[in-house]
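Just add 503 to the spot in the sequence shown (first one is 1) and you have the working numbering.
Below is one structure; the comments refer to it alone.
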Amino acid sequence: YAADAAVLAQAEQMFREAKYIHLVRHPYAVIDSFVKNRMDRLLGDGVADAYQLAEQVWTTMNSNILDFLEDVDPARHFLIHYEALVANPESVIRELCQFLGVPYDAAMLAPYSGERMTDGVHAASLSIGDPNFRKRQGIDPQLAQAWRAADLPRRLGGQARRLAAEFEYELPWPLQAVSATKTAVSPPKAILPADRQGDLPLSFAQQRLLFIDQYEPGLPIYNIPAAVRISGPLHVEALADSLTEIVQRHEALRTNFKMDGGAARQVIAPATAVSLPLTDLTHLSPAVREAEMERSVAESLRQPFDLGRDVKLRAQLFCLDETEHVLALTMHHIASDGWSIGVFLRELVALYPAFAAGEPSPLPDLPVQYVDYAQWQRAWVEDDGLAQQLAYWGEQLRPEPPVLELPTDRPRPAHQ
C-alpha cells in the first residue's frame with residue numbers, strides 16, 4: 504500500500520506506537536522481475552511501458568515510505584535490504600526480532616516449509632506477491648546478486664538513481680552524472696520572501712508567455728480549463744468565498760504585467776471578491792442542460808485574458824438541478840499549470856466545508872509566493888548558476904553524441 508501516501512499516514516492514526524519494517528530490494532532486480540512476470544498487464548495490454556511502469560512503482564513506493572518515516576521516531580522503524588536478508592538470513596532475522604521485541608525461533612528461517620502461505624480464498628490469490636512462491640524450496644543466497652543478471656535496456660531515471668544511492672545500492676551504470684552535479688554545481692540557495700518595494704522582475708516562464716501574448720495578442724491558446732461536478736446541496740456563498748480566499752492566498756492569480764521603459768515587471772493587485780455568476784439550467788431537459796453548459800464553458804474558454812488587468816481566474820457555476828451543480832474554471836498558464844490545478848482543487852476542498860460551517864480558513868499561510876521564486880531564479884542566474892550548468896552539460900555532452908537515426912518523413916537537416 505506504499506503506492507498511496509495517504510494510506511501510510513493512516514497507520515499512525517489507526518495504531519498506537521506502531522513499528523514499521525521497510526524491506527527494500529535493488530531496483531534492477533525489482534524491475535526485471537516485474538517485467539518478466541508481466542505485472543504491467545494488470546493495467547491492460549499495451550497501456551504502459553513495462554520498464555517505465557516498474558521503475559515508477561519502485562520509485563514511488565520507496566519515496567512514499569521515506570517521506571512517511573521522516574515523521575516517525577527512528578526507534579520505530581527498521582530498514583532491511585532484501586539482499587542482506589537472503590545472504591545472511593539468521594543475522595538479519597535476529598536483528599529484526601530484537602527490534603520487534605520477540606524471541607528468535609529457528610523456524611523463522613524456513614518460510615517455505617509446509618503450505619501455510621500458499622493457499623488463498625481465491626485461486627488468483629497465488630499471483631499476489633512472489634509469482635514463483637511454489638517453486639521455492641528455501642532461501643536462496645544467490646538471489647542477493649540477482650540484480651547483476653538483470654539486462655535492462657536503459658538507465659534508471661534521476662529520481663530512481665538518487666534513491667538507489669540513498670539505499671547504498673551499486674548500479675551497473677555508475678552515478679557519474681549525479682556525483683558530478685554535486686561537485687560541479689553549487690547547491691541552490693533557499694527561496695526567501697522578496698523585497699516588495701522595488702520593481703518585481705518576471706520569471707523566465709512568465710517572460711516567455713508575456714512575449715507570446717504581446718506577439719499575438721488576444722489568443723486563448725494558454726487558457727487552462729477545469730471543471731468540478733458537485734452533487735448534493737450547495738452553499739453558493741461559501742463556494743464563492745472559497746474562490747476569493749484562494750486568489751487572496753496565491754498572488755500569482757492576481758498579478759498583472761506592466762511594461763516600464765521596455766522592461767516588464769510584475770504588479771500584484773489587491774485581493775478582491777471573485778465573481779461567480781450562476782447560470783440556472785433547471786428549466787431545460789437533461790440532455791439540453793449538458794449541451795448548453797458545454798457550449799457556455801467553451802465560449803468562456805475562448806475568451807482571452809488581459810494580462811495587464813485581469814485576475815487570472817474565471818469561474819462559472821451551472822445549476823443542473825437542486826442537488827447537481829458544475830463549477831467551471833478557466834485560468835491562464837502564466838499563473839497556473841497542470842500541477843497547480845491539483846493544488847487549487849485540494850485547497851478548494853479544504854476551504855469550502857469550513858466556510859459553509861462558518862469557520863475560518865483551515866489552511867496555513869504560504870511561506871513564499873511565485874514572485875519570490877522569480878527573484879530567486881534571477882539571482883541564481885546572476886550568481887553564475889546558469890554558467891555552471893552550461894559548463895557542466897557542455898562537458899557531459901562532449902564528445903558530441905551520435906545522431907539518432909529515426910524513420911522520419913524528411914531527411915534531418917545538417918543545421919537546426
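Backbone N, C-alpha and C fix where the C-beta goes; we use that ideal spot for every residue, glycine too.
Asked, Found
"Check whether the Cβ atoms of residue 695 and residue 877 lie closer than 8 Å to each other.", "no"
"Just the C-alpha distance for residue 800 and residue 831, rounded to the nearest angstrom, thanks.", "7 Å"
"Would residue 594 be called buried (16 or more neighbouring beta carbons within 10 Å of its own) or exposed?", "exposed"
"Would you call the region 881–888 in contact with the region 767–786, where contact means no fewer than 3 C-beta pairs closer than 8 Å?", "no"
"Which same chain residues, not among the five before or five after residue 863, have their C-beta less than 8 Å away from its C-beta?", "857"
"Please state whether DSSP places residue 571 in a helix, a strand or coil.", "helix"
"Taking its Cβ as the centre, do 16 or more other Cβ atoms sit within 10 Å of residue 679, making it buried, or is it exposed?", "Residue placement at residue 679 is poorly supported in this model, since its pLDDT is 44, which falls under 50; the coordinates still yield a value, given next. Burial call: exposed."
"Quick check on DSSP: helix, strand or coil for residue 602?", "helix"
"Would residue 759 and residue 812 qualify as a contact pair, given that the criterion is a beta-carbon distance under 8 Å?", "yes"
"Taking 8 Å as the cut-off, decide whether the C-beta atoms of residue 779 and residue 743 are in contact.", "yes"
"Starting from residue 707, follow the alpha helix (DSSP H) in both directions and report where the run begins and ends.", "707–718"
"Pull up the distance between the alpha-carbon of residue 564 and that of residue 526, whole angstroms please.", "11 Å"
"Can you tell which of 566, 827, 854 has its C-alpha closest to the C-alpha of residue 665?", "566"
"Which residues in the same chain have their Cβ closer than 6 Å to the Cβ of residue 702, if we skip the five residues on either side of it in sequence?", "768"
"Under DSSP, the beta strand (DSSP E) around residue 820 begins and ends at which residues?", "816–824"
"Taking buried to mean at least 16 other C-beta atoms within 10 Å of its own C-beta, is residue 571 buried or exposed?", "buried"
"Count the other CB atoms, across all protein chains shown, that sit within 10 Å of the CB of residue 761; report buried if there are 16 or more and exposed otherwise.", "exposed"
"From which residue to which residue does the alpha helix (DSSP H) around residue 770 run?", "Run containing residue 770: none in the alpha helix (DSSP H); it sits in the beta strand (DSSP E), 766–771."
"Put residue 855 into one of helix, strand or coil per three-state DSSP.", "helix"
"Can you check whether the CB of residue 731 is closer than 8 Å to the CB of residue 848?", "yes"
"Kindly provide the ranges of any alpha helix (DSSP H) runs that are 4 or more residues long and lie completely inside the region 856–893, ordered along the chain.", "873–885"
"Short check: CB of residue 837 to CB of residue 713, under 8 Å?", "yes"
"Extract the residue ranges of the beta strand (DSSP E) inside the region 744–805, only unbroken runs of 3 or more that lie entirely within it.", "758–763, 766–771, 781–783"
"Leaving out five residues before and five after residue 906 in sequence, what residues of the same chain have Cβ atoms less than 8 Å from its Cβ?", "915"
"What distance in whole Å lies between the Cβ atoms of residue 560 and residue 453, which are believed to be in contact at a cut-off of 8 Å?", "In the structure as shown, the chain begins at 504 and stops at 919. Residue 453 is therefore absent and cannot be evaluated."
"Opposite residue 728 in the DSSP bridges: which residues?", "833"
"In angstroms, rounded to a whole number, what distance separates the CA positions of residue 795 and residue 558?", "44 Å"
"What residue does the alpha helix (DSSP H) around residue 534 start on, and which one ends it?", "530–539"
"Select from 828, 657, 711, 913 the residue whose C-alpha is nearest the C-alpha of residue 766.", "711"
"Is DSSP giving residue 607 helix, strand or coil here?", "coil"
"Would you mind reading off the limits of the alpha helix (DSSP H) that contains residue 906?", "Run containing residue 906: none; DSSP gives neither H nor E here."
"Would you report the Cα separation of residue 585 and residue 612, rounded to the nearest angstrom?", "14 Å"
"With H, G and I counted as helix, E and B as strand and the rest as coil, what does DSSP make of residue 664?", "helix"
"Note down, in chain order, each residue of its chain lying with its Cβ closer than 7 Å to the Cβ of residue 608, except the 5 sequence neighbours on either side.", "none"
"Identify which residue in 517, 658, 583 has its Cα closest to the Cα of residue 535.", "658"
"Which residues in the same chain have their Cβ closer than 7 Å to the Cβ of residue 828, if we skip the five residues on either side of it in sequence?", "733, 737, 820, 821, 822"
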